[in-house]
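**Q**
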Amino acid sequence: MQLINNFEQLVNGVTLSGTISVFLTMNADLQRLYKYKVHHILAWIGYFAFFMTMYRAYYTSLLPLFGVTSVYFAFNASSFYIIGYYLIPKFLYTRKYSKFFWSVLGLLIVESVGLAIFMYYTFMSTSKEYADKPYMAIFMAFFSIITIAGIMCSIKLVVDKIGLDRSAKLIEQQRIESELQYLKAQVNPHFLFNAINSIYFLIKKDQDQAANTLIRLSDLLRFQLYDCTGEKIAIEKEIEYLRNFVSLEEIRKGNKTKVEFNTAENLQGFELAPFMLIPFLENTFKYVSNFSGTENKIIIKMWCEENVFHAHFFNTTDNLVRTSPGGIGHKNVKRRLELIYPEKHVLNIVERPGTYKVMLSLNVA
309 MQLINNFEQL VNGVTLSGTI SVFLTMNADL QRLYKYKVHH ILAWIGYFAF
359 FMTMYRAYYT SLLPLFGVTS VYFAFNASSF YIIGYYLIPK FLYTRKYSKF
409 FWSVLGLLIV ESVGLAIFMY YTFMSTSKEY ADKPYMAIFM AFFSIITIAG
459 IMCSIKLVVD KIGLDRSAKL IEQQRIESEL QYLKAQVNPH FLFNAINSIY
509 FLIKKDQDQA ANTLIRLSDL LRFQLYDCTG EKIAIEKEIE YLRNFVSLEE
559 IRKGNKTKVE FNTAENLQGF ELAPFMLIPF LENTFKYVSN FSGTENKIII
609 KMWCEENVFH AHFFNTTDNL VRTSPGGIGH KNVKRRLELI YPEKHVLNIV
659 ERPGTYKVML SLNVA
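The opening residue of the sequence shown carries number 309 in this note's numbering; numbering runs sequentially from there.
1. Should the segment 513-528 be called in touch with the segment 564-575, which here means at least 3 C-beta pairs below 8 Å?
2. What did DSSP end up calling Y664 once you bin it into helix, strand or coil?
3. Can you tell me where the alpha helix (DSSP H) holding V376 begins and where it ends?
4. Measure the alpha-carbon distance for L550 versus S462 and round it to whole angstroms.
5. Just tell me which of I417, K639, L645 has its CA closest to the CA of F450.
6. Under 7 Å Cβ to Cβ from N656, same chain only, skipping five residues before and after it: list those, please.
7. According to DSSP, which residues form a beta bridge with F621?
8. When DSSP labels each residue in this structure, what does T602 get in the three-state scheme?
9. Excluding sequence positions up to five away, which residues of its chain have a Cβ less than 6 Å from the Cβ of H618?
10. Below 8 Å, can you find three or more Cβ-Cβ pairs linking the segment 350-358 to the segment 414-429?
11. Between the alpha carbons of E579 and F599, how many angstroms are there, rounded?
12. Restricting to Cα atoms, I'd like to know which of K464, I396, L645, S386 is closest to G697.
13. Residues in its own chain within less than 7 Å of L373 by CB, not counting five upstream and five downstream?
14. In the structure shown, what three-state DSSP assignment does E646 receive?
15. Out of curiosity, what's the CA-to-CA distance linking H638 and S475?
16. Please confirm whether L415 and I391 have their CB atoms less than 8 Å apart.
17. If I'm right that N615 touches K564 with Cβ under 8 Å, what's the distance once you round it to whole angstroms?
18. Just reading off the beta strand (DSSP E) that K590 is part of, what are its end residues?
Quick look at the structure:
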């Protein structure tokens with residue numbers, strides 16, 4: 309029953325991951341057989357040593373014993389390689405169970421009868437076993453072939469399953485890395501698009517301020533180019549980047565918006581994935597209210613407590629303008645959180661009339 313379950317798991321794995329079916333083709337199996345030929349040679353040497361030791365008492369000399377063991381080896385090995393490297397990939401892995409069963413049964417019968425006949429007429433005069441009990445020839449042949457082929461094919465199935473799992477994990481890891489690179493690549497254009505919009509509106513108001521803003525933008529892009537190429541970035545650098553971004557936005561917003569950026573003193577000594585916080589910060593400035601008689605406010609708070617990093621982003625909103633939390637930036641960062649911090653993050657977004665708040669917690673242990 310356990311062996312059948314292993315078969316099902318292996319077949320199910322093939323069905324769920326067609327991209328790794330190369331491991332289940334006869335051509336790939338033959339390539340692996342050549343690659344691991346030393347393992348097979350050692351296994352068959354162990355086979356010879358075991359059976360020559362076990363059956364030494366039945367033979368008058370070593371030469372006939374070696375001959376009998378060699379013949380058994382030929383039939384057992386041929387059965388194993390035909391089943392393991394032809395019938396299993398051709399029928400079992402393709403869910404053709406009936407063809408697999410009858411093919412294996414037919415092969416075992418043919419191999420057993422052939423081995424029994426060969427052994428009986430060749431070694432009858434030198435083997436007490438065959439001379440005294442000729443009817444045992446077929447039984448011994450069938451038992452030997454089904455035992456050796458069964459054990460070795462079971463080992464092959466286990467090895468195939470392990471290789472399949474490793475390949476699936478490798479492919480999944482490569483897929484995640486590719487997706488992360490794609491999402492990270494989208495962050496820069498998204499940020500640049502917003503920054504250029506800010507400078508565009510600022511040019512109409514104050515060209516000198518626009519020039520200073522371009523310089524700050526240049527610093528931010530330089531930071532992205534040289535400091536954010538790795539998988540993680542020090543929290544100190546990330547906060548510095550955020551503060552520069554806030555400074556750039558404050559130039560555009562002027563005195564109409566009150567900005568509070570508070571960070572705890574213990575925010576040091578750990579790393580975050582780069583560009584994880586900037587989409588939320590962008591969102592606060594993009595959708596902050598623009599009232600003339602009421603205070604427009606943005607509040608950013610960051611602190612670390614018991615190896616959990618907390619970042620809160622709050623902004624007042626114009627009730628006539630929806631904050632659209634499902635924009636490109638938010639979608640990207642949500643997906644990156646799922647990939648980089650699976651089950652290690654909590655993201656809550658609370659939207660109420662007149663206010664919008666994002667609360668992010670990351671386990672940075």
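Idealized CB from N, CA, C, for every residue including glycine.
**A** The relevant details are as follows:
1. Taking 8 Å as the limit for Cβ pairs, the verdict is that the segment 564-575 does not touch the segment 513-528.
2. DSSP places Y664 in strand when its eight states are reduced to three.
3. Note, V376: alpha helix (DSSP H), 370-390.
4. Distance between L550 and S462, taken at the CA atoms: about 58 Å.
5. For the residues I417, K639, L645, the minimum Cα distance to F450 belongs to I417.
6. Closer than 7 Å at the Cβ level, and outside the excluded window around N656, lie M667.
7. According to DSSP, which records beta bridges pairwise, F621 is partnered with I608, V666.
8. The answer is coil: DSSP assigns T602 none of H, G, I, E or B.
9. So the qualifying residues of the chain are W611, S669.
10. Not touching, per the Cβ criterion.
11. Their backbone Cα atoms lie some 38 Å apart in a straight line.
12. In the structure as shown, the chain starts at 309 and stops at 673, and residue 697 therefore has no counterpart that could be examined.
13. Sequence-distant partners of L373 (beyond 5 residues in either direction) whose C-beta falls short of 7 Å from its own C-beta, in its chain, are M360, Y363, R364, Y367.
14. Judged by DSSP in its simplified three-state form, E646 adopts helix.
15. For H638 and S475, the distance between alpha carbons rounds to 32 Å.
16. Yes, Cβ-Cβ distance for L415 and I391 is below 8 Å.
17. About 39 Å separates the CB atoms of N615 and K564; that is not less than 8 Å, and the two are not in contact.
18. First, the residue type needs correcting, since residue 590 is Glu and not Lys in the sequence shown. Looking at the DSSP string, E590 is not in any beta strand (DSSP E); the run it does join, the alpha helix (DSSP H), is 586-594.
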